[in-house]
Each structure stands twice: as structure tokens, then as C-alpha cells.
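In our numbering, the protein residues as written are 50 to 90.
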């Protein structure tokens, strides 16, 4: 995932990228499964 912004003093673009931690990836996957089936009731 990426985060970027223009530095307020230097006006240079700042860009940071990193992989999601395993625990956050698991949370997202569980949420996707939950939201896929929540309207089936």
C-alpha cells in the first residue's frame, strides 16, 4: 500500500510504500467474507 503527500515546507512529493502486516491482511479478508454474506439472511 502507498501513502503520498506534498511536503509543506519543501513542496517535494513524499511517497511511502509498504506491505500490509499479516494481521491487517487477515482482518481485511475476514471483513470481505462477512460483507459478502451479510445480506443473504
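Here a beta-carbon is modelled for each residue, glycine too, at the ideal position from N, C-alpha and C.
Only a predicted model underlies this, so the values are computations on that prediction, with no experimental measurement involved.
Where the alpha helix (DSSP H) containing residue i begins and where it ends
{"i": "residue 84", "result": "71–86"}
Residue i versus residue j: straight-line alpha-carbon distance, rounded
{"i": "residue 62", "j": "residue 70", "result": "25 Å"}
{"i": "residue 86", "j": "residue 60", "result": "46 Å"}
{"i": "residue 68", "j": "residue 82", "result": "21 Å"}
{"i": "residue 72", "j": "residue 58", "result": "35 Å"}
{"i": "residue 75", "j": "residue 54", "result": "27 Å"}
Cut-off 6 Å between Cβ atoms - residues of its own chain near residue i, not counting five sequence neighbours on either side
{"i": "residue 51", "result": "66"}
{"i": "residue 56", "result": "63"}
Element boundaries [beta strand (DSSP E), containing residue i]
{"i": "residue 62", "result": "62–66"}
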